[in-house]
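Numbering of the sequence shown is given in our numbering, commencing with residue 49 and proceeding in unit increments. Just so it is clear, CB atoms sit at the ideal spot from N, CA and C, and this is done for glycine as well. Since the structure is predicted, the reported quantities are computational estimates derived from the model, not experimental observations. Working notes, structure below.
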Amino acid sequence: MERTTAGWGSGLLGVIIFSGSLPATRVAVADFSPMFLTSARAVIAALLGAAFLFALRQTRPQRRDLLSLTWVAIGGVVGFPLLTALALQHITTAHSIVFVGLLPLATAIFGVLRGGERPKPVFWLFSIAGAAAVAGFALYGSQGGTLTGDLLMIAAILVCGLGYAEGATLSRRLGGWQVISWALLLSLPIMAAIALFTLPATWTTIGVPAWIGLAYVSVFSMMVGFIFWYRGLALGGIAGVGQLQLLQPFFGFLLAAIFLGEPIAWTMIASTVIIVLCVAGAKRFA
Numbered sequence: 049m050e051r052t053t054a055g056w057g058s059g060l061l062g063v064i065i066f067s068g069s070l071p072a073t074r075v076a077v078a079d080f081s082p083m084f085l086t087s088a089r090a091v092i093a094a095l096l097g098a099a100f101l102f103a104l105r106q107t108r109p110q111r112r113d114l115l116s117l118t119w120v121a122i123g124g125v126v127g128f129p130l131l132t133a134l135a136l137q138h139i140t141t142a143h144s145i146v147f148v149g150l151l152p153l154a155t156a157i158f159g160v161l162r163g164g165e166r167p168k169p170v171f172w173l174f175s176i177a178g179a180a181a182v183a184g185f186a187l188y189g190s191q192g193g194t195l196t197g198d199l200l201m202i203a204a205i206l207v208c209g210l211g212y213a214e215g216a217t218l219s220r221r222l223g224g225w226q227v228i229s230w231a232l233l234l235s236l237p238i239m240a241a242i243a244l245f246t247l248p249a250t251w252t253t254i255g256v257p258a259w260i261g262l263a264y265v266s267v268f269s270m271m272v273g274f275i276f277w278y279r280g281l282a283l284g285g286i287a288g289v290g291q292l293q294l295l296q297p298f299f300g301f302l303l304a305a306i307f308l309g310e311p312i313a314w315t316m317i318a319s320t321v322i323i324v325l326c327v328a329g330a331k332r333f334a
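See the structure below:
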């Protein structure tokens, strides 16, 4: 019980931190290209992770861990940041945040496939109902969306769910911050090359908000958030704690409205309420 409680508390902190990722990305891509932003945030976080790994003399992953670390890197380091950055060139932050409602279902599916978890059948009914509410919103009740942006967000959710499940499984043996640090370090050579290749032509046009956005997604979205999130998934269960992601839209909506001045349609709020109710039911049967 104590492990489960600690897992849910740690997972909630991770969700709160992640809720600022999409608004910060939206601000950053106003001045940085999506490719540079994705690679630069990974390089900065990788350097931080490497410093902690070597300073604290952490044990290196075993060869059998490399494939899982690669999936973590593809999902959390490259795939989700790049696909969301591209999507945010076509849709508003508020619209993109609603797609986070698909993450619990994606994470639960990959938790079964890769983590060996077996939620009760009723769990899937609630999870699918929540995902259907998100899809219905995207198709019929959304404002500020496009087909291209929606498809990019769906792809981002799928790769992110896989990365979460792989990272949570590894965290049970390696530790949460160690997993994301090793995944970042694994991707460092490629990300560094991309960052150098996509450097802005001039730095004088980069505004302060864009720098703040880059700093947030580099330190908090790529490192600090994953420390709490992977620990939560490892302690409380991938399928169960993964449902906390449904709280992320609420925090994201608030940030988008406060800092970006984006309107929040009543359909967004209504859809999110329905989704959260579905996830509350899924949590009970996880």
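Under the three-state reduction of DSSP, Trp251 is assigned to coil, being neither helix nor strand.
Between Val272 and Leu281 a beta carbon distance of about 16 Å is seen, past the 8 Å cut, so the two are scored as non-contacting. Judged by DSSP in its simplified three-state form, Gln293 adopts helix. Gln110 counts as exposed, since fewer than 16 other beta carbons sit within 10 angstroms of its beta carbon. Here the alpha carbons of Arg221 and Leu244 stand approximately 34 Å from one another. Two segments are said to touch when three or more pairs of C-beta atoms, one from each, lie closer than 8 Å; by this definition the stretch 160-168 does not touch the stretch 246-265.
Collapsing the DSSP output to three states places Gly224 in a helix. For Leu130, the enclosing alpha helix (DSSP H) covers residues Phe128 to Ala135. In this structure, the alpha-carbon of Met316 lies about 8 Å from that of His143. Residues of the same chain with a CB within less than 7 Å of the CB of Ile323, apart from the 5 flanking positions on each side, are Gly149, Gly178, Ala181, Val182 and Leu294 in chain order. Residues of the same chain with a CB within less than 7 Å of the CB of Gly284, apart from the 5 flanking positions on each side, are Thr52, Gly55, Trp56 and Gly59 in chain order.
Boundaries of the alpha helix (DSSP H) around Leu95: Pro82 to Ala103. Collapsing the DSSP output to three states places Val77 in coil.
Annotated as proximal: Thr141 and Pro71, with beta-carbon spacing under 7 Å. By the Cβ test, the stretch 92-109 is not in contact with the stretch 195-209, since fewer than three Cβ pairs between them sit closer than 8 Å.
The continuous alpha helix (DSSP H) containing Pro257 extends over residues Val256 to Tyr264.
Going by beta carbons, Gly62 and Leu303 fall outside the 7 Å limit.
If the five residues before and after Thr320 are omitted, its C-beta is found closer than 6 Å to the C-beta atoms of Pro297, all from its own chain and listed in chain order. The three-state secondary structure of Glu165, taken from DSSP, is coil. For Thr315, the secondary structure class from DSSP, reduced to helix, strand or coil, is helix. Under the three-state reduction of DSSP output, His143 falls in the helix class.
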